[in-house]
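Working notes, beginning with the structure itself.
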Amino acid sequence: MTRDAALPIAVRQLTKSYGTVRVLDAVDLDVHRGEFLTLLGPSGSGKTTLLMMLAGFVRPDCGSITFGEREVIRLEPHKRDVGMVFQNYALFPHMDVAENIAFPLKLRGVDRVETAKRVEQALELVKLGGYGERRIDQLSGGQRQRIALARAIVFEPRILLMDEPLSALDKQLREHMQIELRQLHERLGMTTVYVTHDQREALTMSDRIAVIDKGRIRQIDTPKTIYERPNNRFVAEFIGESTFVKVDVTSAGCTFNGTPLTLAAQPPQTGPHHLMIRPERLEILQHDPKNDVNLLPAIATAAIYQGDSVLVHASLSDGTMVSVRASASSQAPLVGEHLNLGLNAADTYLLPLEECVQ
Amino acid sequence: MGWLDRVATDTQITHGGRLWLYVLSGLILLFLILPTLIVIPMSFSESQYLEFPPQVWSLRWYRNYFNSTAWMQATATSFKAGILTMIVATILGTMAAYGLHTARVRFSGLIFGILLTPIIVPVILVGIGVFYVYVKIKLVNSMFGIVLAHSMLAIPIVMMVVSSALKSFDMNQELVARSLGASRVRAFFIVTLPQIRFSVVSGAILAFLTSFDEVIVSLFVSGGQNSTLTRNMFNALRDQIDPTIAAISTLVVILTSLLLAISQIFGKKTDQ
Amino acid sequence: MSNVAEPNAANLRRDALIERLALVSLTGPALLLVATVMLVPVGWLFWLSFLNDAGGFSLEHYLRMLSQPSYERAFRATFEISFITTAICILLGYPLAYVLSQLPRRAANICMIAVMLPFWTSLLVRTYAWLVLLQRQGIINTWGIKLGLWDAPLALVHNLNGTLIGMVHIMLPFLVLPVYASMRAINPDYLKAAANLGASPTRAFWLVFLPLSLPGLLAGALIVFILCLGFYVTPAVLGGGKITMVANRIATDIELFFNWGAASSLGVVLFILTSMILYVASRLAKLDRLLGGGEA
Numbered sequence: 001m002t003r004d005a006a007l008p009i010a011v012r013q014l015t016k017s018y019g020t021v022r023v024l025d026a027v028d029l030d031v032h033r034g035e036f037l038t039l040l041g042p043s044g045s046g047k048t049t050l051l052m053m054l055a056g057f058v059r060p061d062c063g064s065i066t067f068g069e070r071e072v073i074r075l076e077p078h079k080r081d082v083g084m085v086f087q088n089y090a091l092f093p094h095m096d097v098a099e100n101i102a103f104p105l106k107l108r109g110v111d112r113v114e115t116a117k118r119v120e121q122a123l124e125l126v127k128l129g130g131y132g133e134r135r136i137d138q139l140s141g142g143q144r145q146r147i148a149l150a151r152a153i154v155f156e157p158r159i160l161l162m163d164e165p166l167s168a169l170d171k172q173l174r175e176h177m178q179i180e181l182r183q184l185h186e187r188l189g190m191t192t193v194y195v196t197h198d199q200r201e202a203l204t205m206s207d208r209i210a211v212i213d214k215g216r217i218r219q220i221d222t223p224k225t226i227y228e229r230p231n232n233r234f235v236a237e238f239i240g241e242s243t244f245v246k247v248d249v250t251s252a253g254c255t256f257n258g259t260p261l262t263l264a265a266q267p268p269q270t271g272p273h274h275l276m277i278r279p280e281r282l283e284i285l286q287h288d289p290k291n292d293v294n295l296l297p298a299i300a301t302a303a304i305y306q307g308d309s310v311l312v313h314a315s316l317s318d319g320t321m322v323s324v325r326a327s328a329s330s331q332a333p334l335v336g337e338h339l340n341l342g343l344n345a346a347d348t349y350l351l352p353l354e355e356c357v358q
Numbered sequence: 359m360g361w362l363d364r365v366a367t368d369t370q371i372t373h374g375g376r377l378w379l380y381v382l383s384g385l386i387l388l389f390l391i392l393p394t395l396i397v398i399p400m401s402f403s404e405s406q407y408l409e410f411p412p413q414v415w416s417l418r419w420y421r422n423y424f425n426s427t428a429w430m431q432a433t434a435t436s437f438k439a440g441i442l443t444m445i446v447a448t449i450l451g452t453m454a455a456y457g458l459h460t461a462r463v464r465f466s467g468l469i470f471g472i473l474l475t476p477i478i479v480p481v482i483l484v485g486i487g488v489f490y491v492y493v494k495i496k497l498v499n500s501m502f503g504i505v506l507a508h509s510m511l512a513i514p515i516v517m518m519v520v521s522s523a524l525k526s527f528d529m530n531q532e533l534v535a536r537s538l539g540a541s542r543v544r545a546f547f548i549v550t551l552p553q554i555r556f557s558v559v560s561g562a563i564l565a566f567l568t569s570f571d572e573v574i575v576s577l578f579v580s581g582g583q584n585s586t587l588t589r590n591m592f593n594a595l596r597d598q599i600d601p602t603i604a605a606i607s608t609l610v611v612i613l614t615s616l617l618l619a620i621s622q623i624f625g626k627k628t629d630q
Numbered sequence: 631m632s633n634v635a636e637p638n639a640a641n642l643r644r645d646a647l648i649e650r651l652a653l654v655s656l657t658g659p660a661l662l663l664v665a666t667v668m669l670v671p672v673g674w675l676f677w678l679s680f681l682n683d684a685g686g687f688s689l690e691h692y693l694r695m696l697s698q699p700s701y702e703r704a705f706r707a708t709f710e711i712s713f714i715t716t717a718i719c720i721l722l723g724y725p726l727a728y729v730l731s732q733l734p735r736r737a738a739n740i741c742m743i744a745v746m747l748p749f750w751t752s753l754l755v756r757t758y759a760w761l762v763l764l765q766r767q768g769i770i771n772t773w774g775i776k777l778g779l780w781d782a783p784l785a786l787v788h789n790l791n792g793t794l795i796g797m798v799h800i801m802l803p804f805l806v807l808p809v810y811a812s813m814r815a816i817n818p819d820y821l822k823a824a825a826n827l828g829a830s831p832t833r834a835f836w837l838v839f840l841p842l843s844l845p846g847l848l849a850g851a852l853i854v855f856i857l858c859l860g861f862y863v864t865p866a867v868l869g870g871g872k873i874t875m876v877a878n879r880i881a882t883d884i885e886l887f888f889n890w891g892a893a894s895s896l897g898v899v900l901f902i903l904t905s906m907i908l909y910v911a912s913r914l915a916k917l918d919r920l921l922g923g924g925e926a
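Chains as they are written, first to last, in the working numbering: chain A, 1 to 358; chain B, 359 to 630; chain C, 631 to 926.
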């Protein structure tokens, strides 16, 4: 399948309420042809509901969903021709692996010989060639996940939906599968919508990430942009670790607790802002800071050995707690020690002050 | 007897300390099962009078049973009614259970309640009520009438058994099947039904037994050509003690045990 | 065509409604059957109970129930027998269920056969078996005399004793099954914690195990009691005509007296009593969970 055969998805004004609770709030979304888009959000954010609506299992109160040119909002699930992988795989236990994978082909009237061929192809794709005869209860979690995937793609759907398929796997296997899924996507090219609450997973696998909270999409961007330039506090706090300190912006410049700061760019508005500090951008300075490095004095409150690094908790001059990572080989700071933390001007990122996290 | 000193529970009581409990339970189990089994040797006794153990063994009462047209007709009636009830109640009950399980409507609790009323309403009431209506519409002593009444009694049981099976079934599999191209109906028959079939079979057997063993409604509603086995047995019990009943009882116990064994074998799989 | 602000809303609502109706309609045939064969006849009976012989509205059947002592006796006998049977079932069934719940699965399943076999075996067969066992020349009396336990045959049947024995035997599995199930569900960690906190085995049982098993026990007791209220076959056969419970009275009113009014009014009272008890119980305990209508 080439990328051109994949279908774009257009979601307009998708709304769903259960009683007084708005699960999806007039959501608009465009998924590009052949793109790997991740719906990322905390539990209860509506991401799974949105996916289920794409599949046709949940009916919205109103809205429109088009696959390519075709309006599918009222189309029954079995006519939508999308592949789907569930969180618990939902493999049919009363059929063996080959029968599971052959299931969609049988329903589409593909003959026996062709079916067998395509089943084996699908198994090869997920690196489980020859497993056709196995029974489902003989498979490990990772293997089941791959079979579920094979079953979802064997009939060459132009859209693939995945609902937290890796959440049941242990950490190492999960990280390995993330890469494999991504590679599979590159190879097959179908439009993929992926749901997860794990931001690291989203950052690893996606072309774009749509961060969703309380039924609304807060930001859609590439992983790099989402991480480095979140456009609101929710996204900034959900992705990566960060601390926020209050700074004041005037036409003259920016100050933190009285201390002047050098920024990457002058923000468009004046007034109070939040400075987003990512721990990995902070450095414990041993010498005087260079020109474009901001100096933030702090007092160490804890130093926690974590094997590959030392996590240092420190208190800034206005009392805000930050964390910094120091290499395990350098001298770990003592509690109460005065530290000079350095933040590059290029790494400063400001958000307007929000009264509450919306 | 070192076994007696071994600890039985997490609270550290030994088996010896609980011996009285084991003996009591054993006696109660005996109490439960003995009467059911006692009819078996009784049925082989030559004597007209009930005696145990039988002095002379014979198949006299079995011959009596198989040679009697009345008894054979009654047996045929009961089997026919039982099988028809089994079919009707299983289909209707399974449909109802599935419908209630998948439709999220507010009054599904009400429907469930209505379908349970045959169990809650005293059977005697059902018996005379149905009799009264059947007299008016001339359904008394008809197979159709019997099957109708028995099915009504059996449906709640089938529904409860299938309902509980559906609750422990992963409905995601139906969703997956539908996402892969199967319509709701096909998804049910290809994916769901094969996996709940053990419970459906159990329900079917229970439906059969409900009809086959049913006494009170059959007393009123069956008769003439279509008198059930239970009706005949009940009347025989009230009039005089005919040891033929022992023979019939033995056969019933054997039938029940067979059906129980079948449903247990089927049930084993789901008991994982 | 469609409202731009709420695209497809009306159509989607209609689709949702149609789907729900289609699924609910699966219950249709069963509902139809139960409605016509149960609700109509029983409803008709209710109506009959308010008619006098001339066909006019009258409360005479109900009033007769209050005035004639034979009806009061029937109700008293019914409640007494039901209470006693339930009590005996609890006394016998609870220890049995306890032992079974503590056995390893395989042994418990084998022992359960002894509980399930009578449960599944025809009511008539079991009642007949007791007749055989309890008669004057029955097995128990013959062996009792032979073994010298007593001299004259005991009157064990065609009276209250026989009826009670028979009913306990019929009802015991109905109590054992739910109690067993609820006991099996008790997490053994609770007892470990109790022991760890200083409870002796006896106290741990009374303070922890027993309360946790109570829902199952109440459910079982309720089922037994309600079944006893409406019971007919066993008192008829083992009572020898001396035991008249409400159900027996209803039957004789029809069979001997053709008095539909009397029978139906009795039935109505029985039904109302049963429903009231069920209602009260369902308020106190999660009854629908036990009958499979809901799942925790």
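Just so you know, even glycine gets a beta-carbon here, dropped at the ideal spot from N, CA and C.
These numbers come from a predicted model, not from an experiment.
Residue from the options whose Cα sits closest to the Cα of residue i
i, options, result
"A:V342", "A:E76, A:P230, A:R281, A:D111", "Here residue 342 of chain A is Gly; the residue named in the question, Val, does not match the sequence. If we check each option's Cα against that of A:G342, A:R281 comes out closest."
"C:T757", "B:L609, B:Q583, B:P393", "B:P393"
"B:V534", "A:V85, A:L173, A:A26, A:L39", "A:V85"
"A:A157", "A:R80, A:F256, A:L29", "A small correction: the amino acid at residue 157 of chain A is Pro; Ala does not occupy that position in the sequence shown. Residue A:R80 is the option with its Cα nearest to A:P157."
"A:K290", "A:L40, A:E175, A:N340", "A:N340"
"A:L40", "A:L149, A:T49, A:H32, A:K246", "A:T49"
"A:Q407", "A:T192, A:E175, A:E180, A:R216", "Because chain A here runs from 1 to 358, residue 407 of chain A falls outside it and cannot be looked at."
"C:R644", "A:D61, A:T38, A:T15, A:D28", "A:D61"
"B:F489", "C:V899, C:F713, C:A881, C:L903", "C:A881"
"C:G846", "C:Y862, C:I720, C:S700, C:N878", "C:I720"
"C:S895", "C:R703, C:I740, C:G673", "C:G673"
"A:L123", "A:D111, A:P93, A:L107, A:F155", "A:F155"
Per-residue burial, residue i [other beta carbons within 10 Å of its own, 16 or more giving buried]
i, result
"A:K47", "buried"
"A:A298", "buried"
"A:A328", "exposed"
"A:Q138", "exposed"
"A:P260", "exposed"
"A:D163", "buried"
"C:A640", "exposed"
"C:Y862", "buried"
"C:L689", "exposed"
"A:T250", "exposed"
"A:D318", "exposed"
"B:T614", "buried"
Per DSSP, cross-strand counterpart(s) of residue i
i, result
"A:I65", "A:V11"
"A:L261", "A:C254"
"A:Q219", "A:V211"
"A:E99", "None, per the DSSP bridge assignment."
"B:A594", "None; B:A594 has no bridge partner."
"A:E71", "A:T66"
"A:T191", "A:I159"
"A:L295", "A:G342"
Count the CB pairs spanning the stretch 263–270 of chain A and the stretch 229–242 of chain A that are closer than 8 Å, and state whether there are at least three. With a cut-off of 8 Å, the stretch 229–242 of chain A and the stretch 263–270 of chain A do not count as touching, because too few Cβ pairs lie within range.
Runs of 4 residues minimum, wholly inside the stretch 787–828 of chain C: which ones carry the alpha helix (DSSP H) assignment? Correct list: 790–814, 818–826.
Any 3 or more C-beta pairs closer than 8 Å across the stretch 498–506 of chain B and the stretch 588–600 of chain B: No, because fewer than three Cβ pairs between the stretch 498–506 of chain B and the stretch 588–600 of chain B fall closer than 8 Å, the two stretches do not touch.
What residue ranges within the stretch 467–534 of chain B form continuous alpha helix (DSSP H) runs of no fewer than 4 residues, ordered along the chain? Taking only runs of at least 4 residues, the alpha helix (DSSP H) segments lying wholly in the stretch 467–534 of chain B are 481–495, 501–525.
Beta strand (DSSP E) segments (min. 3 residues) lying fully within the stretch 102–188 of chain A: If only complete runs of 3 or more residues are kept, the stretch 102–188 of chain A shows the beta strand (DSSP E) at 159–163, in order along the chain.
The stretch 541–548 of chain B touching the stretch 414–431 of chain B, judged by at least three CB pairs closer than 8 Å: Because the criterion of three Cβ pairs below 8 Å is not met, the stretch 541–548 of chain B and the stretch 414–431 of chain B do not touch.
Does the stretch 766–775 of chain C come within contact of the stretch 813–821 of chain C, defined as at least 3 CB pairs closer than 8 Å? The stretch 766–775 of chain C, when compared against the stretch 813–821 of chain C, does not touch it at the 8 Å Cβ threshold.
Can at least three beta-carbon pairs, one atom from the stretch 62–75 of chain A and one from the stretch 522–532 of chain B, be found at a separation below 8 Å? Flag = no, the stretch 62–75 of chain A and the stretch 522–532 of chain B do not touch.
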